[in-house]
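Residue numbers (this note's numbering), protein chains in the order written: chain A, 1 to 336; chain B, 1001 to 1336; chain C, 2001 to 2336; chain D, 3001 to 3336.
Here you go:
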């Protein structure tokens, strides 16, 4: 159950509300985000809501029976819109495109990609500087210095940055150079990281786990929200199945399901999802047709020479075509 | 390796070819379909093809290194088109829509659906009369009498029939009343059934197995093709994964992958794929965006009262919208 | 709900029982096996059983809420014992070992294996003559002539035969030469085959599907039982998962779960389960430790030259050790 | 490739070795563990090893072609033994039993369990104080104060502690109160945590990921080893599959496979693996039969009242029986 408190509720009134709820033997969690103030009450909610709902200081009250609460569409039916400033939004009814290399490489290459994206109206650039790698001997990214360079290049072109944060201690050092923190598929259930991102006032995109369920993704988002950060984006990136003809099994079923269960925007990553360059575009189109709010994909001026993930990375020409077609399809969808 | 023989090759010449190949220690399979004559040669094909290719009576010769041969795009790059007569085609570059109830029920209901489909330009009706059911105590369909009724209703409206065949002995009794034989997901590897369908001159749609791989689907198609029947259609219908928020995991990755590996048309079944009525349309749209040649889906005048699968069945209004939107999306795709 | 009728109940009395049940709006299935007579009633069973239970002609009555009925342990707690004659039993509290090559090859080889098994006290030999193969170009077994040879060799050594039946039409031709019909993993949900095997009076071993659930395996057994054949054996043979370091994922969890849910004996196939020769023994031992009633495994005098599945096939020495150790472990388990 | 350096090699000699290797264009990683000094060389190793192997200061040199190096059995065939002091070993050829509640609760309960374990000869107690939970609203454990209490109780009884560490910052605060750090299934690929545990001189048990492959588990262990810590234990705890009759699918195939691929000890967790109290013992027995070095399982004086995981937790009587039986089975296995 979610009890949304009025802005500026007095401590006195709030205590009264809490006392009333405690009498119902509910477990109470006080959630103060950058935008609102809620009490999440866990437990049996089969009493008459009017007993509480009429109290002064309560703006609204909702019973949510899902395994998650604040990210559920059951209490907030309006879609969440996330502003990155400068007129750049995610979830506002436009198509969000996020593109860039798997790993950030040198400044010249970064500059070339950023300029290309700006020219094509793509205003969010992706690129890893901290890379999770199965083997300790693989390239792990340029680190914080790479991020600073990445940031200064992007700012010049009016482009926002999304990049992966892998551990709690990186949040502070990355903070000034990041527009959207990305939680990778191996960290979807890194609960300490989610807790800390709840304290941050920048948007967080959470990828579905390697074999994470839709409900687990929503529960992970609930961690960040209940930690205080409402600026959340969900990302489908493919799940692990027995099938080996694709790198992962991009699960587009999750798109309408997530849009139905949650008010948060849903982005799809076809690059990791199918993992085969030639098929990134059809999967991107399919994602838009299924109702996604945006696409995040890997591209590079010379995919064959990319530091990582070249086999699923588009070149400029392929990128231009993907952008044009996803936008045309999105326009058709929006006309319905 | 596929050796395509010229039409009307003499036995004498054919024997010469076979002898040449046998000398290479290849395993040879003589495949005579309704349309063509091939020899499939399995084994080491690292010799100089010109030794054989110049022989009289050989039209063409192709090395195929896949685990399947005749269904591979490596030797036949042109897409296979299947004619159902009366100007109805599958795989000819138009969008094929196949719709109807899970199970055929009484004549009146069948008539209502058939008329509705005809009015909306849908010219292939689906409907089961032999139903595979996990439990022996569930409704198993109307059987052959139901099929005869289904057929006579559809013929009146100029509509073609696709329906599931479950075992070898049904092929003969069903033959006169079927336009497309459907092999269900539990029979994808029923090799005896596939063998027999190779002897039939009517099209066969093969569903991907409950947890079948893309390669297994193609190998199952290879059974039918090498048995003599080239009129094949592949169908993605969702795979079994750990995820429980959808009935199955409709795997749209398979669409571009199958289109790349094979010359056969690819149809998608969003109804079984996601299994939730409200999400059938977005998945149908996604399938078209991913490159599918058509959609097969479940609809009924009163889904709530359907004999089976009501939870994933569209009503008439929803069907009309799905038809209109998939066509609009298909038109956009075709314009590229 | 299962209503067990008394042997020799009169038609008159039976009709009375049926009428009583029909009045409750239950769906009734009359099941007459070689051993017993039951009525399976599907539907709401929340009425007072005493209304029916006191009727003459009813031996016993049980409410079973599982998705399967007659194979459930809820109505029959005593384990099912299956006699193959000559003092050979499955499920009687002894350890059943079944061994032999993947495919039956020539008579000499068959003779060598049969003699070896007899000398080691293994009294059931496995071996395929109809082989389900993913590719139509692979070796498909010796067929019915191979079976006749296999049978005559085994009879000489007092050994029973278990072999796979792939389609309905094979049942009759195989009948005289088979002691246990095996339903393979690709046919677990070949419902027509299961129906027909219900009419046979020889035991049937059903393998779990390629990605079949425990409940589906039990429902498939229910098909055969409700068709009239109580002589059923369940077989765990590994499931399909994302893991590629083993051929399949032998799921030993299913052993205690099946033993708890059903009164039928449970056999484990470690050869297909893990698919790696060196690890067949540890998995066989683990299966016995988990509570299996027996083991079915692949062995051959020269695994390297076996017609199929050599990579998971034991030689004679390895077989001797596996037999000795599984028996020692089974003795320890029996002592508890 | 692993180049094991002699203890006390001079910097000068080491540089010579490095120069030789660098000339081969290999990527070199200098690994100094508490026990040994290695250079791991990644890249093409198809040159004549004698060019390097004869150099002074090199103790041994091994080509390892796996995706992991130092944890491979290809260079170190002797099993790794881990001492916890006081004559307590893991991997020394004895059966290691680790038992205790899911979550550490109050001191009295902890004391009762510890005493019971000591009386039964179980010398390692498990119990969580930092609990990873899907939902932010679930009980997350007693934290560091709980650990201190847990530690002081165990030390009194001569019992060692294994408990989960969830994030880097916990390592230091937990260090003095932990004998074995456990990395949970959601953190198997938390690479920063693995890096840091490489710097610790206490043993680390790594659980296989929720849907982690065997190779990924070994690569995660490689992270810790290459970070400097050789005291590693692998743990099979069940994987995620489509099957819902068990909580997870305990994959005992991994036991012989891991023992074959790696020199590290392998422990099995049947409690999380199957997740059903009645079946924990058969799966524990199966694990020992499959070759496991030990078992870690959940038990509690009153499972029905446990703070978490009660449904898979054994009581004292069940624990006593599991201990007696796994030991008897282990003795039988050791006699072979």
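From the three backbone atoms N, C-alpha and C, an ideal C-beta is built for every residue, glycine too.
None of the values given here were measured: they were computed from a predicted structure.
By a C-beta neighbour count over all protein chains shown, 10 Å radius and 16 as the cutoff for buried, is residue i buried or exposed?
i	result
residue 259 of chain A	buried
residue 2041 of chain C	buried
residue 3034 of chain D	exposed
residue 175 of chain A	exposed
residue 2190 of chain C	buried
residue 3251 of chain D	buried
residue 3236 of chain D	buried
residue 1192 of chain B	buried
residue 2139 of chain C	exposed
residue 1336 of chain B	exposed
residue 3226 of chain D	buried
residue 1170 of chain B	buried
residue 2128 of chain C	buried
residue 3011 of chain D	exposed
residue 114 of chain A	buried
residue 1221 of chain B	buried
residue 3293 of chain D	buried
Where DSSP assigns a beta bridge to residue i, which residues make up the other side?
i	result
residue 2060 of chain C	C:2004
residue 2126 of chain C	C:2162
residue 2294 of chain C	C:2096, C:2267
residue 2181 of chain C	C:2163, C:2204
residue 3054 of chain D	Partner(s): none; residue 3054 of chain D has no beta bridge.
residue 3249 of chain D	D:3239
residue 233 of chain A	A:205
residue 3299 of chain D	D:3314
residue 1262 of chain B	B:1072
Under 7 Å between beta-carbons, which chain D residues line up against residue i? List them in chain order, please.
i	result
residue 167 of chain A	3168, 3192
residue 29 of chain A	3137
Measuring from the CB of residue i, is there a heavy atom of the ligand ADP at a distance below 8 Å?
i	result
residue 1064 of chain B	This structure lacks the ligand ADP; in fact it carries no ligand of any kind.
Determine the chain A residues that contact residue i at a beta-carbon separation under 8 Å, and present them in chain order.
i	result
residue 3187 of chain D	190
residue 3132 of chain D	189, 191
residue 1332 of chain B	328, 329, 332
Check the Cβ of residue i against every Cβ in chain D and list those closer than 8 Å, keeping chain order.
i	result
residue 2249 of chain C	3239, 3241, 3249, 3251, 3253
Can you name the residues of chain A whose CB is closer than 9 Å to the CB of residue i?
i	result
residue 1079 of chain B	Per Cβ cutoff of 9 Å: no residues; residue 1079 of chain B is ~16 Å from chain A at best.
>> Output needed in chain order: residues of the region 2232-2243 of chain C with a Cβ under 9 Å from some Cβ in chain A.
In response: Taking 9 Å as the Cβ-Cβ cut-off, the region 2232-2243 of chain C approaches chain A at 2240, 2241, 2242, 2243, given in chain order.
>> What ranges does the alpha helix (DSSP H) occupy inside the region 2071-2159 of chain C, keeping only unbroken runs of at least 4 residues that lie completely in it?
In response: As far as the region 2071-2159 of chain C is concerned, its whole alpha helix (DSSP H) runs of at least 4 residues are 2107-2119, 2143-2156.
> Taking a cut of 8 Å between CB atoms, which residues from the region 210-228 of chain A lie near chain B?
Replying inline: Residues of the region 210-228 of chain A with a C-beta atom less than 8 Å from some C-beta of chain B are 211, 213, 214, 215, listed in chain order.
> When you check each C-beta in the region 1263-1297 of chain B against every C-beta of chain A, which residues fall closer than 8 Å?
Replying inline: Per Cβ criterion, the list reads 1273, 1274, 1276, 1278, 1279, 1282, 1283, 1285, 1286, 1287, 1288, 1289, 1290, 1291.
> Unbroken alpha helix (DSSP H) runs of length 4 or more, entirely within the region 1004-1051 of chain B: which are they?
Replying inline: Within the region 1004-1051 of chain B, the alpha helix (DSSP H) runs of at least 4 residues that lie entirely inside it are, in chain order, 1011-1022.
>> For the region 2041-2057 of chain C, list every residue whose C-beta sits within 8 Å of some C-beta in chain B, in sequence order.
In response: From the region 2041-2057 of chain C, only 2042 have a Cβ closer than 8 Å to chain B.
>> By the 7 Å beta-carbon criterion, what residues does the region 3086-3120 of chain D contribute toward chain A?
In response: The residues in question: there are none.
> At a Cβ cut of 9 Å, what residues of the region 1065-1076 of chain B count as close to chain C, listed as they run along the chain?
Replying inline: Only 1067, 1068, 1069 from the region 1065-1076 of chain B bring a Cβ to less than 9 Å from some Cβ of chain C.
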